[in-house]
Amino acid sequence: MEIKPVKEEIIAYGHPNITANHKTTFEITKEENLGKEGDCIIGVKANKACKDLSEEFKNGLKEGKKVEIKIEVEGISDKIIAFGSPALKLSDEKSIVIRKSDFIDKRTLAILADKAACDIKREIIEKMKNPQTKMRILLEIKA
């Protein structure tokens with residue numbers, strides 16, 4: 095029997111204050127406003143936070159499986175590989191954070207990522223400075 099991949103899709107939007115300079119994390123938030131200090135944020139007004147993910151997806155993450163994160167903006171895409179963990183809480187109602195480190199809090203979706211905000215293609219980040227720009231984030235748990 096073929097194992098069906100477990101996927102989630104998140105939609106977020108741009109903001110003029112997006113800089114994406116953070117060296118260890120990147121974040122997607124439901125918040126509409128973004129201050130200049132939020133240098134890990136790559137998208138705002140997201141339609142999902144950790145708490146909104148399906149139980150099936152959360153369970154896959156908690157098994158410590160690899161997760162592929164594909165970011166798409168106006169025909170440009172980037173890919174990040176990270177990992178789940180049995181310690182994930184996945185309970186935050188506003189944000190999703192992907193981390194290069196193994197630090198876990200309620201906002202953490204995945205750890206040991208191969209990219210942080212500063213590593214994401216600059217063409218994507220430049221486009222995300224426009225509030226009209228829509229970002230599609232595809233999350234897929236790999237067996």
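So the number in the numbering used here is just where the residue sits in the sequence shown, counting from 1, plus 94.
Backbone N, C-alpha and C fix where the C-beta goes; we use that ideal spot for every residue, glycine too.
- Between the stretch 222 to 233 and the stretch 99 to 114 there are three or more C-beta pairs closer than 8 Å, enough to call the two in contact.
- In the three-state scheme derived from DSSP, where H, G and I count as helix and E and B as strand, K145 is classed as helix.
- Taken through DSSP and simplified to helix, strand or coil, K183 comes out as coil.
- Boundaries of the beta strand (DSSP E) harbouring I122: T119 to T123, taken from the DSSP string.
- In this structure, K145 and S185 form a Cβ contact; the two beta carbons are roughly 6 Å apart against a cut-off of 8 Å.
- Its Cα nearest to that of I219, the residue D172 stands out among K194, E157 and D172.
- Where K221 is concerned, the enclosing alpha helix (DSSP H) starts and stops at R216 to K221.
- The straight-line gap separating the alpha-carbon atoms of I112 and G129 is approximately 9 Å.
- Within the model, the alpha-carbon separation for G137 versus F197 is close to 21 Å.
- Here DSSP, grouped into helix, strand and coil, assigns K152 to helix.
- Distance from the CA atom of V100 to the CA atom of G154, rounded to whole angstroms, is 8 Å.
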